[in-house]
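Taken in sequence, the protein lines are chains Y, U, F and B. FYI, in the numbering used here the residues of the first sequence are 1 to 247. FYI, in the numbering used here the residues of the second sequence are 1001 to 1247. FYI, in the numbering used here the residues of the third sequence are 2001 to 2247. FYI, in the numbering used here the residues of the fourth sequence are 3001 to 3247. Think of the CB as a built atom: it goes at the ideal place given N, C-alpha and C, for glycine as much as any other residue. Notes follow once the structure below has been shown.
4 protein chains.
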Amino acid sequence: MGESFGAYKIGLDEEAVKYISSANIACGFHAGDPQVMARTVDLAATHGVAVGAHPSYPDLMGFGRRNMEATPGEIKNYIIYQTGALQAFARARGAGLQHVKPHGALYNTAAVDKKVARAVAEAIYTLDKNLIFMVLAGSEMERAAREVGLKYASEVFADRHYNGDGTLVSRSHPGAVITDTVEAAARLTEIITTGRIKAIDGTSFPVRADSICVHCDTPGAVEHIIALRRALKGAGIEVAPMGEFIK
Amino acid sequence: MGESFGAYKIGLDEEAVKYISSANIACGFHAGDPQVMARTVDLAATHGVAVGAHPSYPDLMGFGRRNMEATPGEIKNYIIYQTGALQAFARARGAGLQHVKPHGALYNTAAVDKKVARAVAEAIYTLDKNLIFMVLAGSEMERAAREVGLKYASEVFADRHYNGDGTLVSRSHPGAVITDTVEAAARLTEIITTGRIKAIDGTSFPVRADSICVHCDTPGAVEHIIALRRALKGAGIEVAPMGEFIK
Amino acid sequence: MGESFGAYKIGLDEEAVKYISSANIACGFHAGDPQVMARTVDLAATHGVAVGAHPSYPDLMGFGRRNMEATPGEIKNYIIYQTGALQAFARARGAGLQHVKPHGALYNTAAVDKKVARAVAEAIYTLDKNLIFMVLAGSEMERAAREVGLKYASEVFADRHYNGDGTLVSRSHPGAVITDTVEAAARLTEIITTGRIKAIDGTSFPVRADSICVHCDTPGAVEHIIALRRALKGAGIEVAPMGEFIK
Amino acid sequence: MGESFGAYKIGLDEEAVKYISSANIACGFHAGDPQVMARTVDLAATHGVAVGAHPSYPDLMGFGRRNMEATPGEIKNYIIYQTGALQAFARARGAGLQHVKPHGALYNTAAVDKKVARAVAEAIYTLDKNLIFMVLAGSEMERAAREVGLKYASEVFADRHYNGDGTLVSRSHPGAVITDTVEAAARLTEIITTGRIKAIDGTSFPVRADSICVHCDTPGAVEHIIALRRALKGAGIEVAPMGEFIK
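What follows is the structure in structure tokens.
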């Protein structure tokens, strides 16, 4: 959420906020500006949605979706800068910061690159060791969270296809994103009931699912979320901000 | 301090840090990047120098020295964003944030514009009501600090000329900056002993001087600081981080 | 046109391009990026729409709508930089550049500030003395064009209210923009037939109308343009790229 | 050259310009701003130094030295944008543009990546097919220049070490840059007289040397250039802008 910038509007934040429990809020490097951040934190807090930072590589032109050759030291400081800024808006609104989730290319790189994952985890730990690190289930980020001693939430994507190694199919491949609501809900039910994700190559892998990611800028995002919540309810799962059950 | 950016180096921070008690550290909008901020906070903390945020209009190309038509709401959020980011680096280093001082054109505008001064004061109060607002002595910032209920430190410039109304002579005027060390030290002694500043038009006005500003990017900055400290010592004044005497 | 940026989309360019004769294309400082510029120049050329540069102050966060304290020298070089970049895309597409129109706050400042108007005119003349300077009718820009020896097109706004001195009512005033199509068309007919514009204070002033500005990001922009063309046709006026009649 | 930005100064342009024949001028993406570009083009033209564009990935914070995952289409448009902007300053000064040389990480990637090399070559050809493409001798850029039908100048580095495959040793390795003037001059003489470069792994490879690159921001750059010119003179080689001998 909060991925608008200046005169540019992206996402259906006002609608989606009604149906989610935790929000990843852009921090100005790939999207979001100070006005948008203030507004989005306020929107989340008003709806009782827990606030998380969504820091990125510095690449507004590429919306943070392009990989960059940044050192672990640079990445660590990028996370501290952006998360600190969002934390300030949360504090100014009387809300706390619940979690940190890297955005886009930084998320994808941290999922597979041990050093980058570690840099992200250390940055978060340094800021506040009680923050939850939102990680791709089973990835290098999960390992880094454990090594550094951070709480983490394993995230699964109901609207994205997976590779056999547990990484996400790149957005540059057609069909990487699942836009069909029924398909996404069925997929989520399967993940929840089997504890496994079926990859695009036919294989499957086990997964711990603490959080379900939905993209507010996907067409039909709101219908998506409503259907996913119904699927979770059908499976007997209650939705809550992850701070309530990740200890 | 901390006004370098990427491959660009400005200021004699490593030298100057030895002779100052409080540092204003750039936060990325007019200068400074996350690497530089981390390094500068570390440098200040290592030398026992108190850390302050130095937020600006978003204008790297103009070094924050050009006025911009930003609304009070925008300015408030620019301050929260930048100060929050710096606060995070301070926290990560185990240091606290002592004060906030707007930079360049934002400082000059806040000195004379009641609404802008108020926006800055409210942003600081919102972030942490124990932060010290560093203000131009006698300016609208001083009034705003009192109205909002913030502690403030009145700052005087030993290396800048003043207009009769207590504002600084613009840098676009030749001779606005005093580069001669002897002249600056004499000027400071006069301010301290008389409690008044002599303006460029021959008039003078009373002033409370809690803090003496020196620019690390002025040629001869270090000699400057050493001479000013000697002048203060000569006048029987002890130098300390303002957090120790502003209550 | 061409005011999208990265993942952000603004404007109904694909629709509007069918009904206009000249396009003002953003050049990266307030909107537009190299991809968007290439695509927009191609779109215009494909539809036989003449290409113009729409340079701005460097303020993506404020969409170029906030005034900045830039010197005439800085403004001149901002214009040369941005217009040169757009010219290159036009040349790469085998199209020529027809005109230059400053954007947003730069347009408004150039309308009333003699030095800024002159800096813009000189930048354009320096780039190519055959470019047309698109000016607010009756403004300082018109005077600067004549002084410098540039061809110019006097522009009127069918969807904006005017002050008595011929400047536009600021967008910060509610009602500055006319969103009603019938009102805009009636207004245009009146301007064309009387040769005068009625200001918001009840007074009126004479005007030469070479070009009618429409904003592609106004709701209902396309209906607007269609209605305006009908109004022009009703008044016996043929629409053509200004390069065909400004000599 | 022209790698200063706003208040930041880098390079010894005013000195170095006296001893070189062709200048690579930054275009705003990794360094340089419109003021700096205007000033640098003027400086080069005043000293009879031929002007070239030095476009980069959009990465001011990383000085263009970090690789980015940009598509060939994006790279093509980045080159057109930046080169077009510099071309405009050259035209405004009554000078022509002689060549284009990609900067930093873009140069290194184009040296080994066929698609990127081709995108750069096509961008240059599209802008003006008489421009010279400055390429790393023997690299993919050289091949792309031939394929696209562009004139090119093969460049060798007197102040950088090479890998066995003809690429430059990365700046992240200590000792990648040769700062010793005598060593650099000896190296250049050897390259010129043998027509081969000795790599860091002991192997050597043949090379055509049309242009010798020197970095204006290397300590002792000016002494460097003077020594290299003397070495060339000693080898009976006359220095001239490459436009005079690359046909």
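**Message:** Tell me the residue span of the beta strand (DSSP E) that contains residue 3134/B.
**Reply:** Taking the fourth sequence and counting its residues from 1, one reaches residue 3134/B at position 134. Where residue 3134/B is concerned, the enclosing beta strand (DSSP E) stretches over 3132–3136.
**Prompt:** Got a sec, what are the start and stop residues for the beta strand (DSSP E) residue 3081/B sits in?
**Reply:** Here residue 3081/B refers to the residue found at position 81 when the fourth sequence is read from its first residue. Run containing residue 3081/B: none in the beta strand (DSSP E); it sits in the alpha helix (DSSP H), 3072–3092.
**Prompt:** Quick one: Cα of residue 2001/F to Cα of residue 2176/F, how far?
**Reply:** For this step, residue 2001/F is matched to residue 1 along the third sequence. For this step, residue 2176/F is matched to residue 176 along the third sequence. Their Cα atoms are separated by approximately 20 Å.
**Message:** For chain B, check one thing: does any of its Cβ atoms lie closer than 8 Å to the Cβ of residue 2035/F?
**Reply:** The sequence position of residue 2035/F within the third sequence is 35, counting from 1. Residue 2035/F counts as touching chain B.
**Request:** Could you tell me if residue 2139/F is buried or exposed, where buried requires 16 or more neighbouring beta carbons within 10 angstroms of its beta carbon?
**Result:** Here residue 2139/F corresponds to residue number 139 of the third sequence, with the count starting at 1. With 16 or more other Cβ atoms within 10 Å, it is buried.
**Asked** Using the C-alpha atoms, what's the distance from residue 1184/U back to residue 1156/U?
**Response** Within the second sequence, the letter at position 156 stands for residue 1156/U. Within the second sequence, the letter at position 184 stands for residue 1184/U. Spanning the two alpha carbons is a distance of roughly 12 Å.
**Asked** With DSSP run on the structure shown, which of helix, strand or coil describes residue 50/Y?
**Response** Counting from 1 along the first sequence, the entry for residue 50/Y is found at position 50. Correct three-state label for residue 50/Y: strand.
**Request:** Identify which residue in 3191/B, 3232/B, 3131/B, 3168/B has its Cα closest to the Cα of residue 3201/B.
**Result:** Taking the fourth sequence and counting its residues from 1, the one referred to as residue 3201/B is at position 201. Among 3191/B, 3232/B, 3131/B, 3168/B, the Cα nearest to that of residue 3201/B belongs to 3168/B.
**Message:** Contact criterion: CB-CB distance below 8 Å. Does residue 1261/U meet it with respect to chain Y?
**Reply:** Because chain U here runs from 1001 to 1247, residue 1261/U falls outside it and cannot be looked at.
**Request:** Can you give me the Cβ contacts of residue 1149/U inside the same chain, cut-off strictly under 8 Å, excluding the 5 residues immediately before and after it?
**Result:** Looking up residue 1149/U in the second sequence gives position 149. These residues qualify, in order along the chain: 1125, 1129.
**Prompt:** Between which two residues does the beta strand (DSSP E) harbouring residue 3151/B extend?
**Reply:** Within the fourth sequence, numbered from 1, the residue matching residue 3151/B stands at position 151. Residue 3151/B -> beta strand (DSSP E) spans 3151–3157.
**Prompt:** Enumerated in chain order, which unbroken segments of the alpha helix (DSSP H) with a length of 4 residues or greater are wholly contained in the segment 2162–2211 of chain F?
**Reply:** 2181–2194
**Request:** Mind the definition here: the segment 1013–1030 of chain U touches the segment 1044–1055 of chain U only if three or more C-beta pairs lie below 8 Å; say whether that holds.
**Result:** yes
**Asked** So what's residue 2230/F in DSSP terms, helix, strand or just coil?
**Response** Here residue 2230/F refers to the residue found at position 230 when the third sequence is read from its first residue. In this structure, residue 2230/F counts as helix in the three-state DSSP scheme.
**Request:** Within its chain, find whatever has a CB closer than 7 Å to the CB of residue 3110/B; leave out the 5 residues flanking it on each side and keep chain order.
**Result:** Along the fourth sequence, one-based indexing puts residue 3110/B at 110. If we look at residue 3110/B and ignore the five residues flanking it on each side, its Cβ neighbours are 3102, 3116, 3117, 3120, 3140, 3141.
**Request:** Starting from residue 1024/U, follow the alpha helix (DSSP H) in both directions and report where the run begins and ends.
**Result:** Within the second sequence, the letter at position 24 stands for residue 1024/U. Note, residue 1024/U: premise wrong, no alpha helix (DSSP H); beta strand (DSSP E) at 1022–1026.
**Message:** Taking the beta carbon of residue 173/Y as the centre, do at least 16 other beta carbons fall within 10 Å, making it buried, or is it exposed?
**Reply:** If you number the first sequence from 1, residue 173/Y lands on position 173. Exposed, because fewer than 16 other Cβ atoms sit within 10 Å of the Cβ of residue 173/Y.
**C-beta atoms of residue 2132/F and residue 2242/F nearer than 8 Å** = Translated into positions along the third sequence, residue 2132/F becomes position 132. Translated into positions along the third sequence, residue 2242/F becomes position 242. Yes, the pair counts as a contact, with Cβ atoms nearer than the cut-off.
**Asked** Can you name, in chain order, every residue of its own chain whose Cβ lies under 7 Å from the Cβ of residue 216/Y, other than the five neighbours on each side?
**Response** Stepping through the first sequence from its first residue, residue 216/Y is reached at position 216. Same-chain partners within the cutoff: 1, 11, 12, 13, 16.
**Request:** Thinking residue 2153/F and residue 2246/F are a contact (beta carbons under 8 Å), I'd like their distance in whole angstroms, please.
**Result:** Start at 1 with the first residue of the third sequence, and residue 2153/F comes out as number 153. Start at 1 with the first residue of the third sequence, and residue 2246/F comes out as number 246. Their Cβ separation, rounded to whole angstroms, is 5 Å, which keeps residue 2153/F and residue 2246/F in contact under 8 Å.
**Prompt:** Is the number of C-beta pairs between the segment 3081–3088 of chain B and the segment 67–87 of chain Y that are closer than 8 Å three or more?
**Reply:** no
**Asked** Of all the residues that make up the segment 2176–2202 of chain F, which are near chain U by a beta-carbon distance shorter than 7 Å?
**Response** none
**Asked** How big is the Cα-Cα spacing for residue 147/Y and residue 2091/F?
**Response** As a position in the first sequence, residue 147/Y is number 147, starting the count at 1. As a position in the third sequence, residue 2091/F is number 91, starting the count at 1. Cα to Cα, the separation comes out at about 56 Å.
**Message:** For residue 1187/U, tell me which candidate among 1233/U, 1166/U, 1061/U, 1161/U has the shortest Cα-Cα distance.
**Reply:** Locating residue 1187/U in the second sequence gives position 187, where the first residue counts as 1. Comparing Cα-Cα distances from residue 1187/U to each of 1233/U, 1166/U, 1061/U, 1161/U, the minimum goes to 1161/U.
**Request:** Assuming residue 2224/F and residue 2214/F form a contact by the criterion Cβ under 8 Å, report the distance between their Cβ atoms to the nearest whole angstrom.
**Result:** Counting from one through the third sequence, the residue named residue 2224/F turns up at place 224. Counting from one through the third sequence, the residue named residue 2214/F turns up at place 214. Indeed they touch by this definition, with Cβ atoms about 6 Å apart.
**Request:** May I have the straight-line CA-CA distance separating residue 3061/B from residue 1007/U, to the nearest angstrom?
**Result:** By 1-based counting over the fourth sequence, the position of residue 3061/B is 61. By 1-based counting over the second sequence, the position of residue 1007/U is 7. Taking the straight line from one Cα to the other gives about 7 Å.
**Prompt:** Going by C-alpha distance, which of 2104/F, 2207/F, 2218/F is nearest residue 2053/F?
**Reply:** The sequence position of residue 2053/F within the third sequence is 53, counting from 1. Checked all of 2104/F, 2207/F, 2218/F; the closest Cα to residue 2053/F is 2104/F.
**Request:** Under 8 Å between beta-carbons, which chain U residues line up against residue 127/Y? List them in chain order, please.
**Result:** Reading the first sequence from its first residue, position 127 is the one you call residue 127/Y. 1088, 1091, 1092, listed in chain order.
**Request:** Determine, using beta carbons only, whether residue 1066/U comes closer than 8 Å to chain F.
**Result:** Position 66 of the second sequence, counting from 1, holds the residue named residue 1066/U. Interface residue, yes.
**Message:** For residue 1237/U and residue 1230/U, I'd like the C-alpha separation in whole angstroms.
**Reply:** Position 237 of the second sequence, counting from 1, holds the residue named residue 1237/U. Position 230 of the second sequence, counting from 1, holds the residue named residue 1230/U. Looking at the two C-alpha atoms, the distance is approximately 10 Å.
**Message:** Comparing C-alpha positions only, which one of 3066/B, 3028/B, 3045/B, 3099/B sits nearest to residue 3211/B?
**Reply:** Locating residue 3211/B in the fourth sequence gives position 211, counting from the first residue. It is 3099/B whose Cα lies nearest to the Cα of residue 3211/B.
**Prompt:** Mind checking if residue 1061/U is an interface residue toward chain D, Cβ cutoff 8 Å exclusive?
**Reply:** No chain D appears in the structure shown, which is made up of the protein chains Y, U, F and B.
**Request:** Within its chain, find whatever has a CB closer than 7 Å to the CB of residue 3204/B; leave out the 5 residues flanking it on each side and keep chain order.
**Result:** Looking up residue 3204/B in the fourth sequence gives position 204. Closer than 7 Å at the Cβ level, and outside the excluded window around residue 3204/B, lie 3196, 3197, 3198.
**Asked** Given that residue 1058/U touches chain F, what residues does it touch there, using C-beta distances under 7 Å?
**Response** On the second sequence, residue 1058/U is found 58 positions in, with the first residue counted as 1. What residue 1058/U touches in chain F: 2061.
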